[in-house]
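What follows is a single structure, written as structure tokens, with notes after it.
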Ligand code: AMP
């Protein structure tokens, strides 16, 4: 199955010069969505993953299903002010915005084997912040999984030494 057929390019969204990768056609297609999850499950089923950490909000869609399939816990990385308990925060820059994530300080335990999941790896700022938060709480980042990687933005260079998998490359 060619997953690219289910990704829609939206030029100049949310800012001029950005080509936004709209994943909603893929999510609407049961075969395409299931194929993504199946590929991730195959890659990580024997890795002993104990937690999935996902970025708000599109990362949640894949991360939550994967946590269920891998029988791992799900940890949301959320925009500031959304999580109700004690948090730690990390700021970051994305392809088109400056933002921050918070994580509950008890969300990761020492020794947790964590898989970070998001929809798109662009410049790598978001993923780098996720890695920082997980490691700050004592977790081990086993791998990072993305639906889409924008190779020309070289996000991988911010994640040297980490195991990265992306299902679609541009
Ligand atoms: P970055 O931090 O630059 O790697 O950006 C990754 C984050 O921003 C992901 O959570 C994506 O959802 C979002 N993002 C960045 N660029 C795009 C794009 N061209 N299309 C869709 N989402 C994007």
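Residue numbers (this note's numbering): 16 to 185. Even glycine gets a Cβ: it sits at the ideal position worked out from N, Cα and C.
Query raised in the report: Among 90, 40, 123 and 28, which one has its Cα closest to the Cα of residue 133?
Result: 90
**Report entry** Distance cut-off 6 Å: residue 135 Cβ against heavy atoms of the ligand AMP
**Finding:** Result yes, Cβ under 6 Å from the ligand AMP.
Requested in this report: May I ask you to check if the CB of residue 73 is nearer than 6 Å to at least one heavy atom of the ligand AMP?
Outcome: yes
Query raised in the report: If residue 68 and residue 95 are in contact, beta carbons under 8 Å, what's the gap, nearest whole angstrom?
Result: Not a contact, Cβ separation roughly 17 Å.
**Report entry** Range covered by the alpha helix (DSSP H) that runs through residue 52
**Finding:** 45-59
Report task. Leaving aside the five residues before and after residue 151 along the sequence, list all residues of the same chain whose C-beta is less than 7 Å from its C-beta, in chain order. Result -> Cβ within range, chain order: 103.
Requested in this report: Measure the CB-CB distance between residue 5 and residue 183 and report whether it falls below 7 Å.
Outcome: Nothing can be reported for residue 5, as the shown portion of the chain is limited to 16 through 185.
Query - Enclosing alpha helix (DSSP H) for residue 85 [first to last residue] - result: 73-85
Query raised in the report: Secondary structure at residue 166, three-state DSSP: helix, strand or coil?
Result: helix
Report task. Taking the CB atoms as reference points, tell me whether residue 160 and residue 55 lie closer together than 7 Å. Result -> yes
Query raised in the report: Is residue 141 near the ligand AMP, going by C-beta to nearest heavy atom under 6 Å?
Result: Look at residue 141: its beta carbon is less than 6 Å from one of the heavy atoms in the ligand AMP.
Query raised in the report: What residue range is occupied by the uninterrupted beta strand (DSSP E) comprising residue 88?
Result: Run containing residue 88: 88-92, per the beta strand (DSSP E) assignment.
Requested in this report: Can you give me the start and stop residues for the beta strand (DSSP E) that residue 152 sits inside?
Outcome: Taken as a continuous stretch (DSSP letters only), residue 152 belongs to no beta strand (DSSP E), as it is neither H nor E.
Query raised in the report: How many angstroms separate the CA atom of residue 62 from the CA atom of residue 180?
Result: One C-alpha to the other measures close to 14 Å.
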